[in-house]
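Enquirer: Quick one: this structure, given as structure tokens, is what I'll be asking you about.
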Amino acid sequence: MQINITFRNMEPQEEIKEYVQKKALRLKRLLNEPIEM
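Each number in my numbering comes from the position in the sequence shown (counting from 1) with 7 added on.
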């Protein structure tokens with residue numbers, strides 16, 4: 008699963024990236040088709 012994270016109006020932080028990736032991987036179990044979030 009490829010996850011692209013774009014920060015707008017804030018500085019990128021590794022903790023936020025890890026949090027988003029963790030939450031997105033939970034969705035992977037439910038979705039079979041490619042999605043854009």
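Backbone N, C-alpha and C define an ideal beta-carbon position, used for all residues, glycine too.
How is Gln20 classed by DSSP in three states: helix, strand or coil?
Expert: By 1-based counting over the sequence shown, the position of residue 20 is 13. Of the three classes helix, strand and coil, the one that applies to Gln20 here is coil, per DSSP.
Enquirer: Give the straight-line distance between the Cα atoms of Leu34 and Tyr26, rounded to the nearest whole angstrom.
Expert: The residue given as residue 34 occupies position 27 in the sequence shown. The residue given as residue 26 occupies position 19 in the sequence shown. Each residue's Cα considered, the two are about 13 Å apart.
Enquirer: Do Lys24 and Ile12 have their beta-carbon atoms positioned less than 8 Å apart in this structure?
Expert: For the purposes of this step, residue 12 is identified with residue 5 of the sequence shown, where counting begins at 1. For the purposes of this step, residue 24 is identified with residue 17 of the sequence shown, where counting begins at 1. Yes, the Cβ-Cβ distance between Ile12 and Lys24 is below 8 Å.
Enquirer: Expressed to the nearest angstrom, what Euclidean distance is found between the alpha-carbon atoms of Leu37 and Asn16?
Expert: Taking the sequence shown and counting its residues from 1, the one referred to as residue 37 is at position 30. Taking the sequence shown and counting its residues from 1, the one referred to as residue 16 is at position 9. C-alpha separation (whole angstroms): 30 Å.
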